[in-house]
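Report on one structure; see the data block that follows.
Protein chains: 4
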Amino acid sequence: MSHFPSELLTGYRNFMGGRYLDQRDRYRALAEQGQKPHTLVVACCDSRAAPEMIFDSVPGELFVVRNVANMVPPYEPDGQYHSTSAALEFAVQALRVRDIIVMGHGRCGGIRAALDPNSEPLSPGDFIGKWMNLVAPAAEQIQGNSQMTSGERQTALERISIRNSISNLRTFPCVRILEERGKLRIHGAWFDISNGELWLMDPQTQDFVRTEPEEILPVQAIDAT
Amino acid sequence: MSHFPSELLTGYRNFMGGRYLDQRDRYRALAEQGQKPHTLVVACCDSRAAPEMIFDSVPGELFVVRNVANMVPPYEPDGQYHSTSAALEFAVQALRVRDIIVMGHGRCGGIRAALDPNSEPLSPGDFIGKWMNLVAPAAEQIQGNSQMTSGERQTALERISIRNSISNLRTFPCVRILEERGKLRIHGAWFDISNGELWLMDPQTQDFVRTEPEEILPVQAIDAT
Amino acid sequence: MSHFPSELLTGYRNFMGGRYLDQRDRYRALAEQGQKPHTLVVACCDSRAAPEMIFDSVPGELFVVRNVANMVPPYEPDGQYHSTSAALEFAVQALRVRDIIVMGHGRCGGIRAALDPNSEPLSPGDFIGKWMNLVAPAAEQIQGNSQMTSGERQTALERISIRNSISNLRTFPCVRILEERGKLRIHGAWFDISNGELWLMDPQTQDFVRTEPEEILPVQAIDAT
Amino acid sequence: MSHFPSELLTGYRNFMGGRYLDQRDRYRALAEQGQKPHTLVVACCDSRAAPEMIFDSVPGELFVVRNVANMVPPYEPDGQYHSTSAALEFAVQALRVRDIIVMGHGRCGGIRAALDPNSEPLSPGDFIGKWMNLVAPAAEQIQGNSQMTSGERQTALERISIRNSISNLRTFPCVRILEERGKLRIHGAWFDISNGELWLMDPQTQDFVRTEPEEILPVQAIDAT
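Residue numbers (the numbering used here), protein chains in the order written: chain A, 1 to 225; chain B, 1001 to 1225; chain C, 2001 to 2225; chain D, 3001 to 3225.
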């Protein structure tokens, strides 16, 4: 394609000559047998927060929904199109994932817009405005904190929003039932794009705690030998 | 977190000891300056079709929306939550991406369900059924082809759906206007998970054509010596 | 002959000074002992789809019938001239071939004509129209797919026609009996003249699958060094 | 394909690594622009008499019909399937070939069967018997020549049959008209498979004359250097 972004074609060739070759048998098996990912990740569209990179995953491992600000709306079976709800239902009921991770990240543009009092609609349709209404009540409360810095309010709301999305997950009967039976576990995570840190939500306190990477070893496969 | 999937923690450590180290400066710069991805990719949640893997991308490169069957609904500014529309609006109007790729793939579970006459709702809410209604008229036409194999009908509908999503993209005024001004280009792509092939949609004919990997050479053994 | 196409005379001289010299002993043996080809190929007359080129064959290897759109009509012992049926009978019963390949190809003019609603007879006799009636029912079904591109309908019908010809092969008692006894195998193949790809029909699913040229390696330049 | 004849897959790989690479641009152009072969060849299915080999042709050069004993039946617009007539009509009216060659060869199995008084039908349908009826009157006359050897009778009938097919070509109005206008030329040829000799029919006398290859040079490309 003369139009197709050339850097993506270059990337695709790198893929075919590198990672794809390493994984060729796996791709073929996945094609023949179907996918059986163990985890659903709800992540942000943000170009700096791709779950497959952060978790160094292999094909077949993660079923990934990405929307602005990694939000899960509440359960509303009203016959409308609900893409995040549809993906959730498919992952839980059809693919029978074992874990759901709602993963937010620092510097989230959607969260920033929700905290911006001067935020203008991006179009007459204002889709992003309506979408971010999911976090509007929380944003309003946070905006009142004049003694926190804007960065602190940003991080606070990112984490509050993850917790709200997790609560919304539990409004889906299939999620609630499977979690109660011990068949499904729900996790919150927050990725700091500035330094690669991964913070996981403690299920008891709901605090976000940085993972302690006591022994981070360079993986031999990454060094060319 | 004792609960957090251990394979993902292992993957995260690989990331921190490998790719993150290579890209550390880039992550920091992206955190400070914000993201400026050049491309929006609408991809499927499928664990075998992650754009970042297929295009070997770096952080900051791709803004990625993922939903079941990589679909773009038509423009409907009705005040409802529309996560894909919100992400699209954000990418085009706020981030000013230069390219949009609608990327489908082979063996898509959503498309298979749309072609399955015996498909049952996965829950009373039937979110996936409603979501896949976006492709129902096309599925009906394809189902009539008794002389095509089920695999051929599947591939045909995957590609028709990409074309329909591209048409739906153009119902968004911001997309249409920017495309007419030459500021935005729209592409269709289809990834064959069984063998890594990438097929790109010819903008004139709308046919999907396999990319020519020019630097793939036959083994010398084939020449008789 | 002053009239005989000079490029063919040049080609013949190339043959005599090249390939014929290499194969001279083989030609002589074949003349003395008779031919014992192992495979019958039903191929199209198309100048871009010659089996001997595509399979790099040697004299004595392939018994080749070529007609427009590589079709096998159904068994009809009605005393009429049936040149394809005669060739089939000769190959199976007299030469005892071990394999039959029905090989179609992309951009087939006969198939295109069958899909063209405005197709006019080429002569009052309309031989090509009558001949292509063999594929008319299938063409009608495919033409209904307005959401497929004309290229997609073309490829679909080329492959459906190969499958129909294979079914027609099995209406010949000699073919059916020998296949049941394991003495004869039937194969479908489709050659993409635009890029040399060979697609083989999977006997279970009847899908056409691109051959995996295992010894095709990516260029080293793709590995980052 | 686990079943597909392995020697043909090997041949195909040779093709892709050799001849196809040399001709890649030509194949692509032919795919995009369509075929415009200059010559129709009516040849025998015989595995030792492939026109592309004998004329060292390139893709796009020859439109080839192959049936048993390279025969052209007389013009009979009776609504039946006539594959050779259909191919002829397509070549002359649609592709507008400039030359037609009826090429026979020595040791032709069909001609041998026509001369064999003890010839039995190969099947109840006896397709080959009916097909060879095209040459039965001539065969009957030749069989009376007890003082000719069987080899001489064979060669005589092969050449008579070529002449009869050429006469039958002229019963097709489109052929006759274009030949009269000087737009189409008809040639007879006979290939001796035992020694590679090509004999061309003199249009005046209708005798077959061996081509004089005064300077047969080995083509440099064939020698590996």
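Glycine included, C-beta positions come from ideal geometry on N, C-alpha and C. Every value quoted in this text rests on a predicted model; they were computed, and no experiment measured them.
Please find out if some non-hydrogen atom of the ligand SAM comes closer than 7 Å to the beta-carbon of residue i.
i	result
residue 2007 of chain C	Annotation note on the ligand SAM: not contained in the displayed structure, which lists no ligands.
Which residue wins for smallest C-alpha separation from residue i, given the options the options?
i	options	result
residue 208 of chain A	A:173, A:163 and A:87	A:163
residue 2039 of chain C	C:2047, C:2025, C:2057 and C:2046	C:2057
residue 1156 of chain B	B:1090, B:1172, B:1171 and B:1104	B:1104
residue 2167 of chain C	C:2126, C:2022, C:2206 and C:2004	C:2206
residue 1144 of chain B	B:1131, B:1117, B:1027 and B:1158	B:1117
residue 2211 of chain C	C:2203, C:2189 and C:2070	C:2189
residue 3201 of chain D	D:3120, D:3165 and D:3194	D:3165
residue 2027 of chain C	D:3193, D:3203 and D:3020	D:3193
residue 15 of chain A	B:1203, B:1195 and B:1204	B:1195
residue 2082 of chain C	D:3133, D:3032 and D:3152	D:3133
residue 3032 of chain D	C:2033, C:2204, C:2181 and C:2151	C:2151
Tell me, please, whether the CB atom of residue i is closer than 8 Å to any CB atom in chain B?
i	result
residue 1 of chain A	Per-residue confidence for residue 1 of chain A stands at a pLDDT of 40, beneath the threshold of 50, marking its modelled position as unreliable; no derived number is given.
residue 2152 of chain C	yes
residue 155 of chain A	no
residue 119 of chain A	no
residue 25 of chain A	no
residue 2225 of chain C	With a pLDDT of 33 at residue 2225 of chain C, under the threshold of 50, the predicted position of this residue should be treated as unreliable, though the coordinate-derived value follows. Not an interface residue.
residue 227 of chain A	Beyond the ends of chain A as shown, which are 1 and 225, falls residue 227 of chain A; an answer cannot be given.
Please decide whether residue i counts as near chain D, where near means a Cβ-Cβ distance under 8 Å.
i	result
residue 2124 of chain C	yes
residue 2111 of chain C	no
residue 2035 of chain C	yes
Counting only the same chain and skipping the five closest in sequence on each side, list residues whose C-beta sits under 6 Å from that of residue i.
i	result
residue 2161 of chain C	2135
residue 1171 of chain B	1074 and 1075
residue 231 of chain A	Residue 231 of chain A lies beyond the stretch modelled for chain A, which goes from 1 to 225, so this question has no answer here.
residue 148 of chain A	none
residue 3078 of chain D	none
residue 1091 of chain B	1040, 1063 and 1097
residue 1178 of chain B	1184
residue 2219 of chain C	Residue placement at residue 2219 of chain C cannot be trusted, given a pLDDT of 32 that sits under 50; the coordinates are not used to answer.
Leaving aside the five residues before and after residue i along the sequence, list all residues of the same chain whose C-beta is less than 8 Å from its C-beta, in chain order.
i	result
residue 169 of chain A	72, 88, 100, 102, 175 and 186
residue 3035 of chain D	3060, 3063 and 3095
residue 1125 of chain B	none
residue 1191 of chain B	1049, 1054, 1103, 1104, 1105, 1106, 1197, 1198 and 1199
residue 2084 of chain C	2042, 2065, 2067, 2071, 2072 and 2073
residue 3154 of chain D	3106, 3107, 3108, 3111, 3112 and 3115
residue 3030 of chain D	3059 and 3060
residue 3023 of chain D	3058 and 3059
residue 2217 of chain C	A caution first: residue 2217 of chain C carries a pLDDT of 31, below 50, which makes its placement in the model too unreliable to give a value.
Which residue or residues does DSSP assign as beta-bridge partners of residue i?
i	result
residue 191 of chain A	A:105 and A:198
residue 116 of chain A	DSSP output for residue 116 of chain A lists no bridge partner at all.
residue 43 of chain A	A:66
residue 3210 of chain D	D:3199
residue 2099 of chain C	C:2039 and C:2185
With a threshold of 8 Å between beta-carbons, can residue i be considered close to chain C, or not?
i	result
residue 3115 of chain D	no
residue 1106 of chain B	no
residue 3046 of chain D	yes
Leaving out five residues before and five after residue i in sequence, what residues of the same chain have Cβ atoms less than 7 Å from its Cβ?
i	result
residue 3037 of chain D	3060, 3061, 3062, 3063, 3095 and 3097
residue 2068 of chain C	2044, 2045, 2110, 2128 and 2131
residue 1001 of chain B	Residue placement at residue 1001 of chain B is flagged as unreliable, the pLDDT there being 39, under the threshold of 50; the coordinate-derived value follows with that caveat. Excluding positions up to five away in sequence, the list is empty.
residue 139 of chain A	114, 115 and 157
residue 3119 of chain D	3113
Can a CB atom of chain A be found closer than 8 Å to the CB of residue i?
i	result
residue 1102 of chain B	no
residue 1070 of chain B	no
With 9 Å as the limit, tell me which residues of the region 2159 to 2185 of chain C have their beta carbon closer than that to any beta carbon of chain B; keep them in chain order. 2159, 2160, 2163 and 2164
For the region 1131 to 1151 of chain B, list every residue whose C-beta sits within 9 Å of some C-beta in chain C, in sequence order. 1137, 1138, 1141, 1142, 1144, 1145, 1146, 1147, 1148, 1149, 1150 and 1151
In chain order, what residues of the region 1201 to 1213 of chain B put their CB closer than 9 Å to some CB of chain C? 1202, 1205, 1206, 1207, 1208, 1209, 1210, 1212 and 1213
At a Cβ cut of 9 Å, what residues of the region 3072 to 3099 of chain D count as close to chain C, listed as they run along the chain? 3073, 3075, 3076, 3077, 3078, 3079, 3080, 3081, 3082, 3083, 3084, 3085, 3086, 3087, 3088, 3089, 3090, 3091, 3092, 3093, 3094, 3095, 3098 and 3099
Mind checking the region 2001 to 2016 of chain C against chain D and listing, in chain order, the residues whose C-beta falls within less than 9 Å of any C-beta there? 2001, 2003, 2004, 2005, 2007, 2008, 2009, 2010, 2011, 2012, 2013, 2014, 2015 and 2016
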